[in-house]
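In UniProt numbering, the protein residues as written are 1 to 157.
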């Protein structure tokens, strides 16, 4: 029963209501602004002086001119080259690069990079192609076809 009286009294307006703060906010704001405002100094001019033109910024120095240096010339890779005439009528070119231990066979306009199998200095191969070198000849083996014999041509200037 005591609870009922409490709620009834509250509903009937027996409890005091706080003042609405949203109505007091404009007055508080005006009071705060008035307190912050300072009167102008007696010797201050009535108008503000015109802003001084900004001093020109110093011109930055241009970057040093990039003068490309010539790259050191790359020395040519040592290479031994020979031309051969083959029994099938084709001419081939043999290029050997001793520093890399790699050979290139140019045949029918196509280049084939060849490597020596371990322990063989006179043979160079890649899958499906093997070349055996002689003193003035070479022999080309393509897959399971019969070998093609080629004779070295004299060097041309």
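The C-beta atom is built at its ideal place from N, Cα and C for all residues, glycine as well.
Report task. Run the CB neighbour count on residue 1, radius 10 Å, all protein chains shown included, and call it buried at 16 or more, exposed below. Result -> Interpretation of residue 1 is limited by its pLDDT of 49, a score under 50 that renders its predicted location unreliable; no figure is taken from the coordinates.
Query raised in the report: Thinking C-alpha only, which one of 72, 120, 90 is nearest residue 134?
Result: 120
Query raised in the report: residue 93 CB to nearest chain B CB: under 9 angstroms?
Result: The structure shown contains no chain B; it holds only a single protein chain.
Query raised in the report: At which residue ranges does the stretch 59 to 121 contain complete beta strand (DSSP E) runs of 3 or more residues, listed in the order of the chain?
Result: 80 to 86, 91 to 97, 102 to 107, 110 to 114
Requested in this report: Consult DSSP for residue 144 and reduce its assignment to one of helix, strand or coil.
Outcome: coil
Query - Burial state of residue 138 (16 or more Cβ within 10 Å) - result: buried
Report task. Just confirm the distance between the C-beta atoms of residue 151 and residue 108, as a whole number of angstroms; I'd bet it's less than 8 angstroms. Result -> So it is not a contact: roughly 18 angstroms between Cβ atoms.
Query raised in the report: What did DSSP end up calling residue 153 once you bin it into helix, strand or coil?
Result: coil
Query - Spatial distance of residue 145 from residue 88 (CA atoms) - result: 13 angstroms
Query raised in the report: According to the neighbour-count rule (16 or more other Cβ atoms, all chains shown, within 10 Å of its Cβ), is residue 103 buried or exposed?
Result: buried
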